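There are 8 protein chains.
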Amino acid sequence: MSYKVYMSGEIHTDWRDVIRHGTEALGLDITYLAPVTDHPASDAAGDHLGEQTDNFWRDHQSSKVNLIRTKGMIEQADLVVIRFGDKYKQWNAAFDAGYCAALGKPYITLHAEDLIHPLKEVDAQSFAWAKTNEQVVETLRYVLQP
Amino acid sequence: MSYKVYMSGEIHTDWRDVIRHGTEALGLDITYLAPVTDHPASDAAGDHLGEQTDNFWRDHQSSKVNLIRTKGMIEQADLVVIRFGDKYKQWNAAFDAGYCAALGKPYITLHAEDLIHPLKEVDAQSFAWAKTNEQVVETLRYVLQP
Amino acid sequence: MSYKVYMSGEIHTDWRDVIRHGTEALGLDITYLAPVTDHPASDAAGDHLGEQTDNFWRDHQSSKVNLIRTKGMIEQADLVVIRFGDKYKQWNAAFDAGYCAALGKPYITLHAEDLIHPLKEVDAQSFAWAKTNEQVVETLRYVLQP
Amino acid sequence: MSYKVYMSGEIHTDWRDVIRHGTEALGLDITYLAPVTDHPASDAAGDHLGEQTDNFWRDHQSSKVNLIRTKGMIEQADLVVIRFGDKYKQWNAAFDAGYCAALGKPYITLHAEDLIHPLKEVDAQSFAWAKTNEQVVETLRYVLQP
Amino acid sequence: MSYKVYMSGEIHTDWRDVIRHGTEALGLDITYLAPVTDHPASDAAGDHLGEQTDNFWRDHQSSKVNLIRTKGMIEQADLVVIRFGDKYKQWNAAFDAGYCAALGKPYITLHAEDLIHPLKEVDAQSFAWAKTNEQVVETLRYVLQP
Amino acid sequence: MSYKVYMSGEIHTDWRDVIRHGTEALGLDITYLAPVTDHPASDAAGDHLGEQTDNFWRDHQSSKVNLIRTKGMIEQADLVVIRFGDKYKQWNAAFDAGYCAALGKPYITLHAEDLIHPLKEVDAQSFAWAKTNEQVVETLRYVLQP
Amino acid sequence: MSYKVYMSGEIHTDWRDVIRHGTEALGLDITYLAPVTDHPASDAAGDHLGEQTDNFWRDHQSSKVNLIRTKGMIEQADLVVIRFGDKYKQWNAAFDAGYCAALGKPYITLHAEDLIHPLKEVDAQSFAWAKTNEQVVETLRYVLQP
Amino acid sequence: MSYKVYMSGEIHTDWRDVIRHGTEALGLDITYLAPVTDHPASDAAGDHLGEQTDNFWRDHQSSKVNLIRTKGMIEQADLVVIRFGDKYKQWNAAFDAGYCAALGKPYITLHAEDLIHPLKEVDAQSFAWAKTNEQVVETLRYVLQP
Numbered sequence: 003m004s005y006k007v008y009m010s011g012e013i014h015t016d017w018r019d020v021i022r023h024g025t026e027a028l029g030l031d032i033t034y035l036a037p038v039t040d041h042p043a044s045d046a047a048g049d050h051l052g053e054q055t056d057n058f059w060r061d062h063q064s065s066k067v068n069l070i071r072t073k074g075m076i077e078q079a080d081l082v083v084i085r086f087g088d089k090y091k092q093w094n095a096a097f098d099a100g101y102c103a104a105l106g107k108p109y110i111t112l113h114a115e116d117l118i119h120p121l122k123e124v125d126a127q128s129f130a131w132a133k134t135n136e137q138v139v140e141t142l143r144y145v146l147q148p
Numbered sequence: 003m004s005y006k007v008y009m010s011g012e013i014h015t016d017w018r019d020v021i022r023h024g025t026e027a028l029g030l031d032i033t034y035l036a037p038v039t040d041h042p043a044s045d046a047a048g049d050h051l052g053e054q055t056d057n058f059w060r061d062h063q064s065s066k067v068n069l070i071r072t073k074g075m076i077e078q079a080d081l082v083v084i085r086f087g088d089k090y091k092q093w094n095a096a097f098d099a100g101y102c103a104a105l106g107k108p109y110i111t112l113h114a115e116d117l118i119h120p121l122k123e124v125d126a127q128s129f130a131w132a133k134t135n136e137q138v139v140e141t142l143r144y145v146l147q148p
Numbered sequence: 003m004s005y006k007v008y009m010s011g012e013i014h015t016d017w018r019d020v021i022r023h024g025t026e027a028l029g030l031d032i033t034y035l036a037p038v039t040d041h042p043a044s045d046a047a048g049d050h051l052g053e054q055t056d057n058f059w060r061d062h063q064s065s066k067v068n069l070i071r072t073k074g075m076i077e078q079a080d081l082v083v084i085r086f087g088d089k090y091k092q093w094n095a096a097f098d099a100g101y102c103a104a105l106g107k108p109y110i111t112l113h114a115e116d117l118i119h120p121l122k123e124v125d126a127q128s129f130a131w132a133k134t135n136e137q138v139v140e141t142l143r144y145v146l147q148p
Numbered sequence: 003m004s005y006k007v008y009m010s011g012e013i014h015t016d017w018r019d020v021i022r023h024g025t026e027a028l029g030l031d032i033t034y035l036a037p038v039t040d041h042p043a044s045d046a047a048g049d050h051l052g053e054q055t056d057n058f059w060r061d062h063q064s065s066k067v068n069l070i071r072t073k074g075m076i077e078q079a080d081l082v083v084i085r086f087g088d089k090y091k092q093w094n095a096a097f098d099a100g101y102c103a104a105l106g107k108p109y110i111t112l113h114a115e116d117l118i119h120p121l122k123e124v125d126a127q128s129f130a131w132a133k134t135n136e137q138v139v140e141t142l143r144y145v146l147q148p
Numbered sequence: 003m004s005y006k007v008y009m010s011g012e013i014h015t016d017w018r019d020v021i022r023h024g025t026e027a028l029g030l031d032i033t034y035l036a037p038v039t040d041h042p043a044s045d046a047a048g049d050h051l052g053e054q055t056d057n058f059w060r061d062h063q064s065s066k067v068n069l070i071r072t073k074g075m076i077e078q079a080d081l082v083v084i085r086f087g088d089k090y091k092q093w094n095a096a097f098d099a100g101y102c103a104a105l106g107k108p109y110i111t112l113h114a115e116d117l118i119h120p121l122k123e124v125d126a127q128s129f130a131w132a133k134t135n136e137q138v139v140e141t142l143r144y145v146l147q148p
Numbered sequence: 003m004s005y006k007v008y009m010s011g012e013i014h015t016d017w018r019d020v021i022r023h024g025t026e027a028l029g030l031d032i033t034y035l036a037p038v039t040d041h042p043a044s045d046a047a048g049d050h051l052g053e054q055t056d057n058f059w060r061d062h063q064s065s066k067v068n069l070i071r072t073k074g075m076i077e078q079a080d081l082v083v084i085r086f087g088d089k090y091k092q093w094n095a096a097f098d099a100g101y102c103a104a105l106g107k108p109y110i111t112l113h114a115e116d117l118i119h120p121l122k123e124v125d126a127q128s129f130a131w132a133k134t135n136e137q138v139v140e141t142l143r144y145v146l147q148p
Numbered sequence: 003m004s005y006k007v008y009m010s011g012e013i014h015t016d017w018r019d020v021i022r023h024g025t026e027a028l029g030l031d032i033t034y035l036a037p038v039t040d041h042p043a044s045d046a047a048g049d050h051l052g053e054q055t056d057n058f059w060r061d062h063q064s065s066k067v068n069l070i071r072t073k074g075m076i077e078q079a080d081l082v083v084i085r086f087g088d089k090y091k092q093w094n095a096a097f098d099a100g101y102c103a104a105l106g107k108p109y110i111t112l113h114a115e116d117l118i119h120p121l122k123e124v125d126a127q128s129f130a131w132a133k134t135n136e137q138v139v140e141t142l143r144y145v146l147q148p
Numbered sequence: 003m004s005y006k007v008y009m010s011g012e013i014h015t016d017w018r019d020v021i022r023h024g025t026e027a028l029g030l031d032i033t034y035l036a037p038v039t040d041h042p043a044s045d046a047a048g049d050h051l052g053e054q055t056d057n058f059w060r061d062h063q064s065s066k067v068n069l070i071r072t073k074g075m076i077e078q079a080d081l082v083v084i085r086f087g088d089k090y091k092q093w094n095a096a097f098d099a100g101y102c103a104a105l106g107k108p109y110i111t112l113h114a115e116d117l118i119h120p121l122k123e124v125d126a127q128s129f130a131w132a133k134t135n136e137q138v139v140e141t142l143r144y145v146l147q148p
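Going down the list, the sequences are from chains A, B, C, D, E, F, G and H. The C-terminal residue of the first sequence carries number 148 in the numbering used here, and the numbering is unbroken. The C-terminal residue of the second sequence carries number 148 in the numbering used here, and the numbering is unbroken. The C-terminal residue of the third sequence carries number 148 in the numbering used here, and the numbering is unbroken. The C-terminal residue of the fourth sequence carries number 148 in the numbering used here, and the numbering is unbroken. The C-terminal residue of the fifth sequence carries number 148 in the numbering used here, and the numbering is unbroken. The C-terminal residue of the sixth sequence carries number 148 in the numbering used here, and the numbering is unbroken. The C-terminal residue of the seventh sequence carries number 148 in the numbering used here, and the numbering is unbroken. The C-terminal residue of the eighth sequence carries number 148 in the numbering used here, and the numbering is unbroken.
So this is what it looks like as structure tokens:
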């Protein structure tokens, strides 16, 4: 069974690669989708459309260009994995979770124990909470077994 | 025109009351909906279903009970106002924004200038960004004029 | 806030009345909806359309007439409460749960502890599991508080 | 015409294999999908995410992991076959039927005559009722003829 | 329970009145909706928009004006009753049935026994088949009982 | 551009073959879908599930089996062509048209001039009315041009 | 029958008043909805959220605020009347037509004969084309007759 | 990642070719879809169905045939690019934008600065505004990067 997984959230650690390598080692047939994870490139995604002097509109223009990519990827994914790290606001990750919930698209969260309480609404609609990358790999192995 | 507004997000300041009073003074016919804003009561929303020793499941049980209320309110609202304050993670607010976006339900954000960058994906799908409660009141006055 | 609750499942005990009385005592504004709970009348719901000699078609004809009522009620309900008792197959109750899950309609289950394991798929999509009628009443009180 | 069939329900007999072999012998191009049918593995589907001491939460965690698989499979299937056997509660099978009904996804039931009455609501929305595996094979042959 | 019933099909007998009087006598709270049943007026529904010399376009213009009314009524109805008489092609009635089926809107058919075979696809998705107006009244009484 | 066309309606003339040959001669890449057009086989589609002594239920059982095929085909088609001939009631063809209309699925009708008036509601939602098979072929050629 | 009509398009003539007075004279129970028709106020709809030096963003901010109103009104309307005048680009009116078409919301167009050709795609999905306000009034009278 | 882009709007300049060549030079895997851009052929799209003496019906017939093509293409596209030039009414382009907005289908606009004001409602729902073909190419490069 071919399967598409969108990996949302944290872009400052290598969790996407760890999970990808883990499922490749198991021979699973998964296509991984992700936002542009180069932070400066992502912030500048709309700059080619015109320089903005106002921060709000620069961010607005760039985030809409990013949305063309991410919205399409989420909608075609079979499963979304959403990673919350220990830095930054990460409201985009929670936004993706809400988007999935409304679509009825299954997602699983990946975060440490100390984020349980602030993520309780996000976890309430999640299909699984993983604390480690290995748990995500094992979940994918289970779900995709023949 | 009767109108329903769901007020999502920050529960530690009186922004909901300020907006309500503002539109009442203008004679606008608006029904305001909101989550349970008593923080300890909200955290304990599911405790009557059984005490949980594990924090994750206590939060899980409570947040699902809260969801019965908030999901129904968001779905029947004409407009959602989402407030981000200067404290806490507020992932539930971003989650609500994503939920609205996927439903095609209009929402507006209410937050200070220093949150522009971390909220750029949330603002990208918003129909307005207000910095003050008064701007929300004025937006409602404009939208609901005869 | 006016609210509609559809009460699905067991028809041989008075759980619907207990919950109704409980929320009336609290002054909650709830309209309760339910299938026809007179068992022989329900089995005979389609007999006026023509006597059937074959059991399958008699049941088929009657259950479709019942469905006109129950499908409409579930779709207009804000919340569905699904009761599993200790007798009978009660597949109709599990069917209603699946129907709600696909619609994104919140439901809560009401059953004893010894049914946890066979109901695990039904509970997985539920917004709350109550063991007693009083817990359902308390959940409604919480959800509907001003 | 390539076709996907999801086989829901009873996991203690070889009905899935019998049907698969039957349609293979006819040269039909069908991809069969199914839940994980290894009962202990299915009950333990979520154990890798953390041991749960409370039975309810262990089952909850596992059934949600199973749901990632089964929900996706049902949604992509062209047809769902739902088998009710003579043992166990099998509420998950009735739940799947309700889920299909709400989606407008065609399903057929497979069960013995003595289950007609308790399954009448499930059969009311079914596109066919088969008593034997051979009848399911013949139905698939008919539906998929060139 | 207030209820809306759209009455589709035959416009040359008084079946609508018979059913209406029947449920009024029972005290049922039903709002009946119907197409314009004055045949010449219905054929001329679009003539005020411009005289058409070509029959096809005259009919096209009129049937679209009628559709504004009937489409809205079907979509807001709780139940649709579709009557097939013994004259005319009545393709509009079968069209309404297909429209309801795709929307998941319950409908019941009302026709004599000699139409069973040509209506088999229409009846396959119907929630009941009535042979007499009295059977429709009794079905409504059953569905709407307190 | 690969394209799927479902051909609904009349099963007693060779119109499906004429259109198929016409577009093959033009080199168009079209997959044609159709109901089972062997009339006795179609009437007997459900007989293998059990002999029915009552005509209504025999037809009911068979038409639901046919529906598994036709419902799936209509939903995956890019375009539906619906042929009305000069014999029989053909309510199934009008039913398919209504089904397409509610789904927003484009369909075109194929019928002689003398059916304009009784088909006016069906044609009102159609994307084209063709009088000859050649006109359907030409429509497909136009729509599918590079 | 109570009815909601959204009046989209031209804001420089009094067509909305003429139609409203026309149906009031007939005693029709219609609630009319409309965008803010004060042109300068509409252009300034978002100015209270912050002055924009860039024309594009000023227009962007204002048109999103207007959209909160118009999107909600279109979605709750039973019918949309779209007026194209002889001045300006009026792309917002064509946009509303496309929006209605995708929602399956019936709309009628109101424009002079010399706009037939450029509006052909808009008229193709319309339920009626009126040349005069009186024709719209007559259409509403017909649709809403008892 | 394979990707489908529908190119709506202006048919009198070579903007489609410029963008196609631009992304081919970058090695992007994009399937481009477009309406029939031969203006006289498009106006005559329905003529083979019967000559119409009335301009309105000739245009009506042709635009519905064109709609079979364009509606299907828009619905399967991942992204729609909508070009507004300096001539003609181009209401079909704005119509397509509204259609996309209601479906939640991302679109970007391509137009000169002097059209900012009349296109403000169209741009309000757009995911990007490009002034040049090169900006569209760059947007596609960004969105489709590995």
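Note that beta-carbon positions come from the ideal geometry of N, C-alpha and C, so glycine has one too. None of these values were measured; they are calculated from a predicted model.
Item                                                                                                                   : Value
Stretch pair the stretch 57-66 of chain B + the stretch 121-134 of chain A: three plus CB contacts closer than 8 Å     : yes
Sub-8 Å separation of G100 of chain B and A130 of chain A beta-carbons                                                 : no
Neighbour-count burial assignment, P37 of chain H, 16 or more Cβ in a 10 Å radius                                      : buried
Integer-rounded CB distance, given that R143 of chain H should sit under 8 Å from L112 of chain H                      : Not really, about 16 Å apart at Cβ, beyond 8 Å.
Beta strand (DSSP E) runs contained entirely in the stretch 65-121 of chain G, provided each spans 3 or more residues  : 81-85, 109-112
For L51 of chain H, three-class secondary structure by DSSP                                                            : helix
For I1 of chain C, the nearest candidate out of C:A96, C:F58, C:G87 (CA to CA)                                         : No answer is possible for residue 1 of chain C: the residues shown for chain C start at 3 and end at 148.
Where G29 of chain F falls, given that 16 or more other Cβ within 10 Å makes a residue buried                          : exposed
Span separating the alpha-carbon of D80 of chain E from that of L121 of chain E                                        : 22 Å
Where the stretch 114-133 of chain G meets chain H: residues whose CB sits under 9 Å from a CB there                   : E115, L117, I118, H119, P120, L121, K122, E123, V124, D125, A126, Q127, W131
Presumed contact (8 Å Cβ cut-off) between V82 of chain A and I76 of chain A, rounded CB distance                       : 6 Å
Range of the contiguous beta strand (DSSP E) that encloses S10 of chain B                                              : 5-11
Positions along the stretch 57-83 of chain B whose CB lies within less than 9 Å of some CB in chain G                  : D80, L81
For A126 of chain B: DSSP bridge partner residues                                                                      : None, per the DSSP bridge assignment.
For L142 of chain A, the three-state DSSP class (helix, strand or coil)                                                : helix
Chain D residues whose Cβ lies nearer than 7 Å to that of N94 of chain C                                               : E123
Beta-carbon proximity check, Y34 of chain E vs R22 of chain E, cutoff 8 Å                                              : yes
Distance between I70 of chain F and V145 of chain D (C-alpha atoms, nearest Å)                                         : 7 Å
D61 of chain B classed as buried or exposed, judged by whether at least 16 other C-beta atoms fall within 10 angstroms : buried
Where the alpha helix (DSSP H) containing T25 of chain B begins and where it ends                                      : 17-27
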